[in-house]
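Engineer:
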Amino acid sequence: MDKIDNMDRKILSILTKNARIPFKDVAEECGVSRAAVHQRVQHLIEEGVITGSGYFVNPKSLGYTTCTYVGIQLEKGSMYKTVVERLYNIPEVIECHYTTGGYSILAKLYAKDNEQLMHLLNEQIQTIPGVVSTETLISLEQGLKREVPIHYEIENGEK
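Numbering (my numbering), first residue to last: 1420 to 1578.
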């Protein structure tokens, strides 16, 4: 990954606040041409700095009322990739992280209710070969969600 410069950081800062902002508005705020913004964004995508864009759907609007984190202990850490492949086939599992500490994997999933959650845990996750145990943590409320801070310099000062 190439080093990103101050202009890239400024563009990223603007886009992370509003991914739907027109490039002409980004260009105006940055003092460059729309083509320059477009080229920089394309480069940031190609370099893996920008990893996605799109609309976020509120899971509750689709009936998924229970957000759950599941700590998964594996028989052996080397089974991680195989287990994640199986978790990938469970659509309600939306994130997986290979972790240190008490769990090998921390997974985030959404369920429509406790009955579906119990099915996901007992019939799908806990039956995956290599899964030794799980611990379920139900999220009562998401208090914060944001991107990492992006700092850039502005005319003779820091932001």
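Backbone N, C-alpha and C define an ideal beta-carbon position, used for all residues, glycine too.
If you measure between the beta carbons of Glu1566 and Asn1425, is that distance less than 7 Å?
Structural biologist: By one-based count along the sequence shown, residue 1566 stands at place 147. By one-based count along the sequence shown, residue 1425 stands at place 6. Cβ distance not < 7 Å, so Glu1566 and Asn1425 don't count as in contact.
Engineer: Kindly indicate the opening and closing residues of the alpha helix (DSSP H) around Thr1435.
Structural biologist: Here residue 1435 corresponds to residue number 16 of the sequence shown, with the count starting at 1. Counting along the chain, the alpha helix (DSSP H) containing Thr1435 begins and ends at 1425 to 1436.
Engineer: Just the Cα atoms here: how many angstroms apart are Pro1510 and Leu1525?
Structural biologist: For the purposes of this step, residue 1510 is taken as residue 91 along the sequence shown, with counting starting at 1. For the purposes of this step, residue 1525 is taken as residue 106 along the sequence shown, with counting starting at 1. Cα to Cα, Pro1510 sits roughly 16 Å from Leu1525.
Engineer: Would Tyr1529 and Pro1478 be called neighbours here (beta carbons separated by less than 7 Å)?
Structural biologist: Taking the first residue of the sequence shown as position 1, residue 1529 is located at position 110. Taking the first residue of the sequence shown as position 1, residue 1478 is located at position 59. Yes. Within cutoff.
Engineer: Residue ranges of each beta strand (DSSP E) run of no fewer than 3 residues wholly in the segment 1444 to 1509, ordered along the chain?
Structural biologist: Qualifying beta strand (DSSP E) stretches, in chain order: 1485 to 1493.
Engineer: Between Leu1506, Ile1469, Gly1482, Ala1455, which has its C-alpha nearest Ile1491's C-alpha?
Structural biologist: Residue mapping note: residue 1491 aligns to position 72 of the sequence shown, counting from 1. Selected option, being the one with the closest Cα: Leu1506.
Engineer: Relative to the C-alpha of Asp1427, which candidate in Val1468, Gly1562, Tyr1499 has its C-alpha closest?
Structural biologist: Taking the first residue of the sequence shown as 1, we reach residue 1427 at position 8. Among Val1468, Gly1562, Tyr1499, the Cα nearest to that of Asp1427 belongs to Val1468.
Engineer: Apart from the five residues just before and just after Glu1494, which ones in its own chain have a Cβ nearer than 6 Å to its Cβ?
Structural biologist: Within the sequence shown, residue 1494 is the residue found at index 75, counting from 1. Excluding positions up to five away in sequence, the list reads Gly1549, Val1551.
Engineer: Whose CA, out of Leu1431, Lys1564, Glu1447, Ile1547, lies closest to the CA of Met1498?
Structural biologist: For the purposes of this step, residue 1498 is taken as residue 79 along the sequence shown, with counting starting at 1. Met1498 has its Cα closest to that of Ile1547, out of Leu1431, Lys1564, Glu1447, Ile1547.
Engineer: Hey, does Thr1519 have any beta-carbon neighbour from chain D nearer than 7 Å?
Structural biologist: Checking the listed chains, one finds no chain D in this structure; it contains a single protein chain.
Engineer: Looking only at its own chain, which residues have a Cβ that is under 8 Å from the Cβ of Ile1440, when we skip the five neighbours before and after it?
Structural biologist: If you number the sequence shown from 1, residue 1440 lands on position 21. Once the five neighbours on either side are set aside, the close Cβ partners of Ile1440 are Ile1433, Leu1434.
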